[in-house]
Amino acid sequence: MLRLLEEKIATPLGPLWVVCDELFRLRAIEWEQYRDRMEQLLNIHYRHEGYERVSATNPGGLSDKLADYFAGNLAVIDTLETATGGTPFQREVWQALRAIPCGQVMHYGQLAAQLGRPGAARAVGAANGANPISIVVPCHRVIGRNGTLTGYAGGVQRKEWLLRHEGYLLL
């Protein structure tokens, strides 16, 4: 049975759940107000193998590392290991998201083309929306074709804050 360690941490944007496995690989990061979404994604990805959630304090130093990110050490999120379920296409999109440099953005069509699937912008958007590890798998770095801040599971205001925090200048 998969054992998931979890902690709720304070951030400038509100409480954030951090969930990892016993090897300290991130399995989920979600805002407190969207905890139901996180639980749904955990069930989708891990119910078949079985899992239990256990309260932990700063598992693997992950809570401190996320606090460092919010304090301005932006590069720290690139050092965090992830392991999650999802379809092969979703995992491909999530891997591509991690390659978008801090302070830069792409639009959904660009990301689809980069994956060799031009015309699959909506599918990329759907995979983005199913991302269980926000911030570290930086789905907030994907914007609409015309530069608009379209959908973010944590809310567009958080998306804007994260982009500004990372140095992306919004007009």
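Start counting the sequence shown at 1479; every next residue gets the next number (the working numbering).
Just so you know, even glycine gets a beta-carbon here, dropped at the ideal spot from N, CA and C.
Just so it is clear, the structure is predicted and the values come from calculations on it, not from any experiment.
With DSSP as the reference, label residue i as helix, strand or coil.
i: Met-1479; result: coil
i: Glu-1638; result: helix
Straight-line CA distance for residue i to residue j?
i: Glu-1638; j: Gly-1632; result: 11 Å
i: His-1585; j: Arg-1576; result: 14 Å
i: Arg-1503; j: Arg-1481; result: 12 Å
i: Glu-1527; j: Asn-1609; result: 20 Å
i: Thr-1562; j: Pro-1493; result: 22 Å
i: Val-1554; j: Ile-1507; result: 15 Å
i: Trp-1495; j: Ala-1604; result: 22 Å
i: Ser-1541; j: Arg-1623; result: 34 Å
i: Thr-1535; j: Tyr-1646; result: 32 Å
i: Ile-1599; j: Glu-1517; result: Per the sequence shown, residue 1599 should be read as Ala rather than Ile. One C-alpha to the other measures close to 27 Å.
i: Gly-1538; j: Ala-1545; result: 13 Å
i: Val-1602; j: Tyr-1630; result: 13 Å
i: Tyr-1512; j: Leu-1520; result: 13 Å
i: Leu-1627; j: Leu-1589; result: 15 Å
i: Arg-1505; j: Val-1620; result: 21 Å
Thinking just about the alpha-carbon of each residue, which of the options is nearest to the one in residue i?
i: Leu-1552; options: Pro-1616, Leu-1480, Arg-1636, Arg-1623; result: Pro-1616
i: His-1523; options: Ala-1574, His-1643, Ile-1611; result: Ile-1611
i: Leu-1593; options: Thr-1557, Gln-1568, Ile-1613, Cys-1580; result: Gln-1568
i: Arg-1531; options: Lys-1543, His-1618, Ile-1621, Leu-1483; result: Leu-1483
i: Leu-1641; options: Leu-1491, Val-1583, Asp-1556, Met-1479; result: Val-1583
i: Pro-1579; options: Asp-1556, Thr-1560, Arg-1636; result: Asp-1556
i: Ile-1487; options: Gln-1635, Arg-1525, Tyr-1547; result: Tyr-1547
i: Leu-1491; options: Arg-1505, Arg-1600, Gln-1635; result: Gln-1635
i: Asn-1606; options: Gln-1573, Gly-1581, Ala-1534; result: Gln-1573
i: Leu-1558; options: Thr-1628, Leu-1501, His-1618; result: Leu-1501
i: Lys-1543; options: Gly-1625, Tyr-1529, Ile-1613; result: Ile-1613
i: Glu-1479; options: Gly-1587, Tyr-1529, Glu-1510; result: For clarity, residue 1479 is Met in the given sequence; the question names Glu instead. Comparing Cα positions, the closest option is Tyr-1529.
key: Secondary structure, alpha helix (DSSP H): runs of 4+ residues fully inside the region 1594-1630   = Entirely contained in the region 1594-1630, the alpha helix (DSSP H) runs reaching 4 residues are, in chain order, 1599-1607.
key: Contiguous alpha helix (DSSP H) assignments of at least 4 residues, all confined to the region 1486-1571   = With a minimum length of 4 residues, the continuous alpha helix (DSSP H) runs that stay inside the region 1486-1571 are 1513-1524, 1540-1548.
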